[in-house]
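Following: one structure in structure tokens, then a few remarks.
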Amino acid sequence: GKQTWKIPTKSKIDERKLKLNPDLEDSLSKNSSPIEFFNLFVTSELLDMILEQTQLYATSLSINNTNGKEVDEITVEDIKKAFGIVLYMGILKLPNRRMYWQNNTRVDIIANTMGVNRFAKIMQLLHYNDNNLIPASKSEDYNKCYKIQPLVDYIREKFFEAVIPETYVAVDEQLVPFKGASCLKRYLPKKPKKWGYKLWAIAGVSGYVYTFEVDGEKGKTGPPDGWDAPEKCGESGFVVLRLIEKLEEDKHKLFFDNFFSSPELMEYLARKGFWALATLNANRSRKCPLPSESELKKSGRGSSAQNVNKERSVVVTSWYDSRRVLMISNFIGKEPVGECTRYIRKEKATASVERPASVELYNNYMGGVDKSDMMLALYRTKYRCRKWYQRIALHLISQCAVNAWIIYKEMGGLKSYLDFLTEICVTLMVGKPQSDDSDEDQPEPPPPPKKRMKASNIPEAIRYDKYDHWPILLDMPNAQRCKMDGCKKKTMFMCSKCNVYLCVTKSTCFLNFHGK
């Protein structure tokens, strides 16, 4: 029907930053180890689930194996070590996986954790759901994401439970690079990596991803249950509604791009108590009476106009920069008009041009998902395998590390993401098992690594874990300085796990070094 437009009004909302869930504040602080933050998401419960499904799959292989060769037993420690190795491979990249174990290119911390064949076998067997219960492809219960659905559901829930979401949140797409064969693979020509799995995600301006869904996941169509959103919102608009389903009303300002936006979606979001701002395609403007691109161009760079639909309480702003940009919102228009700096090619100089408030706000707060993607891309694992679902699974494990670091930084932590991730990897590879109820069958002390680690570089989660630290007497011509603070003696004993020299005498440096 006919739409009526008018000048907009303003809306305000209290702002808040990302905060840890109060239920978790007693167990975590800025001085907590990186592995403790990582374990908010990769919990013992999740590892037990992965172990159960992996053992189930390994058993089925043993039963169906005609050559009579049994698969070695896999433990939770094996899975943790495998995840640690894969994440560390993203930090220290080599062209071929086996180079981490070869003599000329050996990486000790990886090679000493487990053998290359053992690692390859564990990665081959890793499973997240029961293959015996896969629905038939033509049945109503068929799910393209069945192989990883429990992992997706669990991590998605943990992401949202761990924090209190911040005010400014953005919806955008993520791409998990993959060029193998899969019905879930998508082609996105505007992305740096054009082939892969597409995920829809909602993240705060901090970069923390609150929830997500895999494109093609079963049950992820239409609006959330009980939401009477109009059909004209479109399937892209329903993605936004599903991602904000658990967010509180009147607490958030939401940002997304023109793939999702429409006047109907903005109106519905206003009814549900969500302030929203997005770019808009001209063919979805519902005949809003705004100047054309040529008219704005005549008025000069920085010219703008706006109108509000009284029935929908939606404002559309048009701004001319290098081309016309349309913005749509249910809470902000062009006022107050600000300024930005642009390079004027004809004059070969920079100049200040006017910029609507909606454009400035959008530029400031739209990049949450992109920030998370940037962090993931820094140390993305290059692990390649034939199983399509492993790429998504490893992406989610990496996302857990990114989200853990963001919480750590918001709590005042000082470590860089590289140091934070490295400590997680080292702890996963050589750290203490989750349960050690018996002293039976204690392992023999492993041989000391070839290179020693500085005492200051040993992660606290390893140094104080009270597990598998052995004093080893080395056959060497000269004793070395004890690394315990305040001790000036020399010793020939080394800790097998920390790889530092410590006295094993009446001064008890070995015990004191490993106890807080």
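Counting with the numbering used here, you get residues 1 to 516 for the letters of the sequence shown. Where is the CB? At the ideal position from N, CA and C, for every residue including glycine. Computed from a prediction, not measured in an experiment: that's the story for all the values here.
### Query
What is the DSSP secondary structure of Q102, reduced to helix, strand or coil?
coil
### Task
Taking W388 as part of the alpha helix (DSSP H), name the residues at either end of that continuous run.
W388 to E410
#### Entry: From P165, C145, G367 and Y268, residue whose alpha carbon lies closest to that of K526
Given a span of 1 to 516 for the chain in the structure shown, any question on residue 526 remains unanswerable.
### Message
Suppose contacts are defined by Cβ-Cβ distances below 8 angstroms. Is F160 in contact with C400 by that definition?
### Response
no
### Task
Return the residue from the list D153, L296, K191 and S62 that minimises the CA-CA distance to D517.
There is simply no residue 517 to check, as the chain begins at 1 and stops at 516 in what is shown.
### Query
Would DSSP call T59 helix, strand or coil?
helix
### Query
So which of L296, R324, S329 and G300 has the shortest CA-CA distance to K310?
S329
#### Entry: Best match in M327, F37, I109 and L125 for proximity to T75 [C-alpha to C-alpha]
L125
### Query
Taking DSSP as the reference, what is the three-state secondary structure of V430?
helix
### Message
On the criterion of 16 or more Cβ atoms from any shown chain inside 10 Å, does Y268 qualify as buried, or is it exposed?
### Response
buried
### Query
Nearest to R380 by alpha carbon, out of L414, R355, I344 and T422?
T422
### Unbroken beta strand (DSSP E) run spanning F41, endpoints
No beta strand (DSSP E) contains F41, which DSSP labels as neither H nor E.
### Query
Near C509, what residues of its chain come up, given a Cβ to Cβ distance below 6 angstroms and the 5 sequence neighbours on each side ignored?
C482, M484, C487, L502 and C503
### Selected residue, minimal CA-CA separation from P135, among S303, F256 and K147
K147
### Message
Taking 8 angstroms as the cut-off, does the stretch 200-211 touch the stretch 159-177 (at least 3 CB pairs, one atom from each stretch)?
### Response
yes
### Query
What beta strand (DSSP E) runs, 3 residues minimum, are completely inside the stretch 257-344?
275-279, 304-309, 314-320, 324-329 and 338-344
### Task
For my contact list, Y208 and N403 are in at a C-beta cut-off of 8 angstroms; report their separation, rounded to the angstrom.
6 angstroms
### Message
Quick check on DSSP: helix, strand or coil for F178?
### Response
coil
### Query
Taking the C-alpha atoms as reference points, what is the distance between M375 and Y154?
22 angstroms
### Task
Could you tell me whether the stretch 299-309 touches the stretch 240-252, using the rule of 3 or more Cβ pairs below 8 angstroms?
no
### Query
Terminal residues of the continuous alpha helix (DSSP H) containing M366?
No alpha helix (DSSP H) contains M366, which DSSP labels as neither H nor E.
### Task
Give the straight-line distance between the Cα atoms of Y417 and P230, rounded to the nearest whole angstrom.
43 angstroms
### Query
Which partner residues of M476 appear in the DSSP bridge assignment?
DSSP output for M476 lists no bridge partner at all.
#### Entry: Where the beta strand (DSSP E) containing I352 begins and where it ends
As written in the sequence, residue 352 is Ser, which differs from the Ile given in the question. Residues A349 to R355.
### Query
Between the beta-carbon of Y88 and the beta-carbon of R391, is there less than 8 angstroms?
no
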